[in-house]
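A.B. asks:
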Amino acid sequence: MKCDDSRLDFYAMYKREATEYDMDYVKKYDEDLNTTLIFVRRLPFAPASYLTCLYRRVCSLPSVLPS
Amino acid sequence: MPLQAGLFSAVSSAFVIDTHTKLETDPNEQSAALLRAILIILNQSAIPNESPAVPPIQEDPPSEIVTATGLMYASLLISLLAAFVAMLGKQWLNRYLRHAGGSMIERCGDRQRKCDGLQKWPFHLFIESLPVMLQMALLLLACGLCRHMWSINSSVAYILIVLTALGLLFYTIIVIVGTSSYKCPFQTPASGTLRSLWEGIGHQVISAPRSTSVTSLHLFQVFLSAALPLWMVVKNSATYTILRSKQAIVLMAQGLAQWVQQSTPHPPSPILLAEIQEDLHIPQEVDHLSQGASPPQEPTPLPIPPLGGTFTSTSESAGPWLGSTALATLEKTNANDVRCVSWILWNITDSEALDAAIQLASTIRWFEDGLDVEPPYNLIISTLKSCIDSTGEIYPGSRNRAYHSAQAVLWIHICAMCVSEEFVLKFPLPTILYSDRSIDQDLRHLLGSHSAHDPLRIIQHLYTIRPGLTSVYFQWTSNVLLHLSWANQGVPGMYPVHQDGGQDIIPFNATLNRLLTSCIFFGWPVKEEVLRIQDKT
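In structure tokens form, the structure reads like this:
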């Protein structure tokens, strides 16, 4: 019975510590991911805009002209 | 800061587009020139002094356009891939926080399995790869810009190339500096990877001569030369001591008679029983019991569990208490306990949590789950040493922590004894200097076991019954001896070495443990799932 009591005590402590640890862990990685997502949300804007320009140039080349 | 970086990239891209349209010839001008040429051909009187100039025909796009477009698309896709991985990472983190139902202990076990999975599978690599992917996307974008600008305006291209080269140089220096020193604040994922690779190569170079000197053959020879004589010493000593306590054995045998008759007996070791009977003059009924109710058969000794600590009982005889499903549950519970205790010891510094973990560490079965026990073992030893000052006095308020740490250290050492001789060497008992004045009898007795490095002396020490020892101590030692008996098949249940008082405080559960230990010693069947239960009352 004493062992079961000590086991319950341990798991109560474990749950408390694990919850705190997991919150810190997830928060840290979540911040990293949010940083990435913010940056990614903006970064493709530059190549995408530029690509639009290039794509228009590629398509507008006079390859359709009669030789 | 990231938001500013994103906004900056958006603003800069707008400037790039604007500059690009100014530097490059507008493709619409070609259409206008063609229309003008058509107009001149159709109606030369409209513009009389001008000849139609047809723009040159170009079959394929220029190579600089193709290169720049490829680099831009690569940059775009890599950044989108980074967004995809980041989105997956957020889903994985949500799943990690979402626990399954069940009791608190089951949820804790589920959480620990997920946490171990995070360590086993390189989750952090995915997260840390995201900045690398963005850096690659940025580099490709810069290269594409330089290439395209080179074909348009070399002066502007020079500026871009110089700035890109400076950025690359800056990043290279940062990686080198970060790799050279961990204390350097300019750490990047690349520098961390390079440093771990460098340390791994250095460690292999240093440890290579040592690993070749200790061969597996040498370890096997050491094991054989040490384990076999040790086994004989333990068994013979146990036989001798049990012969000394004649009356106790006879009473034990008579008390067990009825229980043995109800089960299918595994005959005990015939040599040992013959010695006992010869010396004790045990009456015929006990001899009959030893032979069992069944007709004479070749003795089938109880299988010794394989070295490695996996206690797989093949005993078919039924005990009335638990079945195989319960055994599987107990094994799973024990595996959870081992993982959770190891995790707490390794990651948490809270003193209450450490105390609870160390207390549980002295009851769970180590080495069953393949987990590396060395880190928690060393941590418990350091905790034990931190409870005692240089003069051997226990620090105030550290008695319970020292007691449970000493229990856990001894328990892990005994579990290692049950696995192999090599493990005993791997988990040596620490030498603890302590003062007799400041500690109670239980703790003194435990620390005394630590100084007995011989397994036989440890067993004798655990069997010793002295005045002043509490029932808690007897409870724990009886479980230890039962475990040892099950693993080694050689520890007698009744082993009164120094029985000079204190027997009346042995709790009933400890007596049951010793009774079961005797059953194992005599070769009678005991179900493993019964042994795993701490409180057998």
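One line per chain: the protein sequences are A and B, in this order. Here the working numbering is used: the first residue of the first sequence is -13, the next is one more, and so on. Here the working numbering is used: the first residue of the second sequence is 1396, the next is one more, and so on. Glycine included, every Cβ here is placed at the ideal spot set by N, Cα and C.
Select from B:Ile1547, B:Asn1489, B:Pro1443, B:Lys1727 the residue whose C-alpha is nearest the C-alpha of glutamate 1459 of chain B.
C.D. replies: In the second sequence, residue 1459 of chain B corresponds to position 64, counting from 1. That would be B:Ile1547, whose Cα lies nearest to the Cα of glutamate 1459 of chain B.
A.B. asks: State buried or exposed for aspartate 1837 of chain B, treating a residue as buried only when at least 16 other CB atoms are found within 10 Å of its CB.
C.D. replies: Locating residue 1837 of chain B in the second sequence gives position 442, counting from the first residue. Answer is buried; the Cβ neighbour count reaches 16.
A.B. asks: Do we get a CB-CB distance below 7 Å when we pair threonine 1912 of chain B with the residues of chain A?
C.D. replies: For the purposes of this step, residue 1912 of chain B is taken as the residue at position 517 of the second sequence. Not one chain A Cβ lies under 7 Å of threonine 1912 of chain B.
A.B. asks: Using a Cβ-Cβ distance under 7 Å, would glycine 1497 of chain B count as near chain A?
C.D. replies: As a first step, residue 1497 of chain B must be located in the second sequence, where it is residue number 102. Not an interface residue.
A.B. asks: Closer than 8 Å by beta-carbon distance: list the chain B residues that pair up with aspartate 10 of chain A, in chain order.
C.D. replies: Here residue 10 of chain A corresponds to residue number 24 of the first sequence, with the count starting at 1. Result: empty, since nearest Cβ-Cβ is about 11 Å, beyond 8 Å.
A.B. asks: Whose C-alpha, out of B:Trp1881, B:Ser1873, B:Ser1830, is nearest the C-alpha of leucine 1907 of chain B?
C.D. replies: Taking the first residue of the second sequence as 1, we reach residue 1907 of chain B at position 512. Nearest of B:Trp1881, B:Ser1873, B:Ser1830 to leucine 1907 of chain B, Cα basis: B:Ser1873.
A.B. asks: Quick one, which residues of the stretch 1721 to 1739 of chain B are near chain A if we go by CB-CB under 7 Å, in chain order?
C.D. replies: Cys1735, Ile1739
A.B. asks: Measuring only the C-alpha atoms, how far is isoleucine 1776 of chain B from glutamate 1747 of chain B?
C.D. replies: For this step, residue 1776 of chain B is matched to residue 381 along the second sequence. For this step, residue 1747 of chain B is matched to residue 352 along the second sequence. Cα-Cα distance, rounded: 17 Å.
A.B. asks: Checking 7 Å against the spacing of the C-beta atoms, do isoleucine 1759 of chain B and tyrosine 15 of chain A come in under that value?
C.D. replies: Working through the second sequence from its first residue, we reach residue 1759 of chain B at position 364. Working through the first sequence from its first residue, we reach residue 15 of chain A at position 29. The answer is no: Cβ separation not under 7 Å.
A.B. asks: Between the alpha carbons of proline 1771 of chain B and isoleucine 1473 of chain B, how many angstroms are there, rounded?
C.D. replies: Within the second sequence, the letter at position 376 stands for residue 1771 of chain B. Within the second sequence, the letter at position 78 stands for residue 1473 of chain B. Cα to Cα, proline 1771 of chain B sits roughly 42 Å from isoleucine 1473 of chain B.
A.B. asks: Excluding the five sequence neighbours on either side, which residues of its own chain have a C-beta within less than 8 Å of the C-beta of arginine 1839 of chain B, listed in chain order?
C.D. replies: The residue labelled residue 1839 of chain B in the question sits at position 444 within the second sequence. Cβ within range, chain order: Tyr1829, Asp1831.
A.B. asks: Could you check whether the stretch 1789 to 1797 of chain B touches the stretch 1855 to 1866 of chain B, counting it as contact only if at least three pairs of C-beta atoms, one from each stretch, sit closer than 8 Å?
C.D. replies: Taking a cut-off of 8 Å for Cβ pairs, the stretch 1789 to 1797 of chain B and the stretch 1855 to 1866 of chain B do not touch, as fewer than three such pairs fall below it.
A.B. asks: Determine the extent of the alpha helix (DSSP H) in which lysine 1485 of chain B is found, giving its start and end residues.
C.D. replies: Looking up residue 1485 of chain B in the second sequence gives position 90. First-last of the alpha helix (DSSP H) with lysine 1485 of chain B: 1458 to 1492.
A.B. asks: Is phenylalanine 1869 of chain B close to the ligand SAH? I mean its beta-carbon at under 6 Å from any heavy atom of the ligand.
C.D. replies: Absent from the structure shown: the ligand SAH. Ligands present: none.
A.B. asks: Which term fits arginine 1796 of chain B, buried or exposed, when burial requires 16 or more other beta carbons within 10 angstroms of its beta carbon?
C.D. replies: To locate residue 1796 of chain B, count along the second sequence from 1; it is residue 401. Burial check for arginine 1796 of chain B: the Cβ neighbour count within 10 Å reaches 16 or more, so the residue is buried.
A.B. asks: Would you list, in sequence order, the uninterrupted alpha helix (DSSP H) runs of no fewer than 4 residues that lie entirely inside the stretch 1736 to 1812 of chain B?
C.D. replies: 1746 to 1756, 1769 to 1781
A.B. asks: Counting beta carbon pairs with one atom in the stretch -2 to 11 of chain A and one in the stretch 1489 to 1503 of chain B, are three or more of them shorter than 8 Å?
C.D. replies: yes
A.B. asks: Report yes if the C-beta distance between isoleucine 1743 of chain B and glutamate 3 of chain A is below 7 Å; otherwise report no.
C.D. replies: Numbered from its first residue, the second sequence carries residue 1743 of chain B at position 348. Numbered from its first residue, the first sequence carries residue 3 of chain A at position 17. Yes, the pair counts as a contact, with Cβ atoms nearer than the cut-off.
A.B. asks: Between the Cα of phenylalanine -4 of chain A and the Cα atoms of B:Leu1755, B:Gly1504, B:Gln1425, which residue gives the shortest distance?
C.D. replies: For this step, residue -4 of chain A is matched to residue 10 along the first sequence. Ranking B:Leu1755, B:Gly1504, B:Gln1425 by Cα distance to phenylalanine -4 of chain A puts B:Leu1755 first.
A.B. asks: Looking only at its own chain, which residues have a Cβ that is under 6 Å from the Cβ of phenylalanine 1818 of chain B, when we skip the five neighbours before and after it?
C.D. replies: In the second sequence, residue 1818 of chain B corresponds to position 423, counting from 1. Within the same chain, phenylalanine 1818 of chain B has close Cβ partners Ala1811.
A.B. asks: Given leucine 1766 of chain B, which residues of its chain have a CB within under 8 Å of its CB, disregarding the five upstream and five downstream residues?
C.D. replies: Start at 1 with the first residue of the second sequence, and residue 1766 of chain B comes out as number 371. Correct list, in chain order: Val1733, Arg1734, Ser1737.
A.B. asks: Using only CA atoms, which one of B:His1878, B:Thr1583, B:Lys1578, B:Ser1576 lies nearest to phenylalanine 1565 of chain B?
C.D. replies: One-based indexing of the second sequence puts residue 1565 of chain B at position 170. It is B:Thr1583 whose Cα lies nearest to the Cα of phenylalanine 1565 of chain B.
A.B. asks: With 7 Å set as the bound, which would you pick, yes or no: does the beta-carbon of glutamine 1754 of chain B sit closer than that to a beta-carbon of chain A?
C.D. replies: What you label residue 1754 of chain B is simply residue 359 of the second sequence in a count that begins at 1. Closer than 7 Å to some Cβ of chain A, the Cβ of glutamine 1754 of chain B qualifies, so yes.
A.B. asks: Any beta carbon of chain B sitting closer than 7 Å to that of lysine 1 of chain A?
C.D. replies: Counting from 1 along the first sequence, the entry for residue 1 of chain A is found at position 15. Lysine 1 of chain A counts as touching chain B.
A.B. asks: Whose C-alpha, out of B:Ser1550, B:Ala1428, B:Asp1764, B:Asp1849, is nearest the C-alpha of alanine 1730 of chain B?
C.D. replies: Counting from 1 along the second sequence, the entry for residue 1730 of chain B is found at position 335. Among B:Ser1550, B:Ala1428, B:Asp1764, B:Asp1849, the Cα nearest to that of alanine 1730 of chain B belongs to B:Asp1764.
A.B. asks: What is the rounded straight-line gap between the Cα of arginine 1542 of chain B and the Cα of valine 1768 of chain B?
C.D. replies: As a first step, residue 1542 of chain B is located in the second sequence; it is residue number 147 there, counting from the start. As a first step, residue 1768 of chain B is located in the second sequence; it is residue number 373 there, counting from the start. Cα to Cα, arginine 1542 of chain B sits roughly 57 Å from valine 1768 of chain B.
A.B. asks: Quick one, which of B:Leu1483, B:Val1461, B:Asp1505, B:Asp1745 has its alpha-carbon nearest threonine 1778 of chain B's?
C.D. replies: What you label residue 1778 of chain B is simply residue 383 of the second sequence in a count that begins at 1. If we check each option's Cα against that of threonine 1778 of chain B, B:Asp1745 comes out closest.
A.B. asks: When you compare each of B:Leu1851, B:Leu1540, B:Ser1800, B:Pro1823 to methionine 1467 of chain B by their alpha carbons, which one comes out closest?
C.D. replies: Looking up residue 1467 of chain B in the second sequence gives position 72. Nearest of B:Leu1851, B:Leu1540, B:Ser1800, B:Pro1823 to methionine 1467 of chain B, Cα basis: B:Leu1540.
A.B. asks: Round the Cβ separation of leucine 1488 of chain B and methionine 1528 of chain B to the nearest angstrom and send it over; I've been treating them as touching at under 8 Å.
C.D. replies: As a working note, residue 1488 of chain B is residue 93 in the second sequence. As a working note, residue 1528 of chain B is residue 133 in the second sequence. Their Cβ separation, rounded to whole angstroms, is 18 Å, which puts leucine 1488 of chain B and methionine 1528 of chain B out of contact at 8 Å.
A.B. asks: Could you tell me the alpha carbon to alpha carbon distance between aspartate 1511 of chain B and leucine -6 of chain A, rounded to whole angstroms?
C.D. replies: Working through the second sequence from its first residue, we reach residue 1511 of chain B at position 116. Working through the first sequence from its first residue, we reach residue -6 of chain A at position 8. Taking the straight line from one Cα to the other gives about 21 Å.
A.B. asks: Which chain A residues are close to cysteine 1579 of chain B, counting only those with a beta carbon under 9 Å from its beta carbon?
C.D. replies: Counting from 1 along the second sequence, the entry for residue 1579 of chain B is found at position 184. Correct list: empty, because the minimum Cβ distance to chain A is about 20 Å.
A.B. asks: What would DSSP say about threonine 1720 of chain B, mapped onto helix, strand or coil?
C.D. replies: Sequence index remark: in the second sequence, residue 1720 of chain B carries index 325 (1-based). The DSSP-derived three-state label of threonine 1720 of chain B is helix.
A.B. asks: Hey, is leucine 1779 of chain B's beta-carbon within less than 7 Å of any beta-carbon in chain A?
C.D. replies: By 1-based counting over the second sequence, the position of residue 1779 of chain B is 384. For leucine 1779 of chain B, no CB of chain A lies under 7 Å from its own CB, so it is not counted at the interface with that chain.
A.B. asks: Note down, in chain order, every chain A residue with its Cβ under 8 Å from the Cβ of arginine 1431 of chain B.
C.D. replies: Taking the first residue of the second sequence as 1, we reach residue 1431 of chain B at position 36. Within chain A, no residue comes near arginine 1431 of chain B; the closest Cβ sits about 14 Å away, beyond 8 Å.
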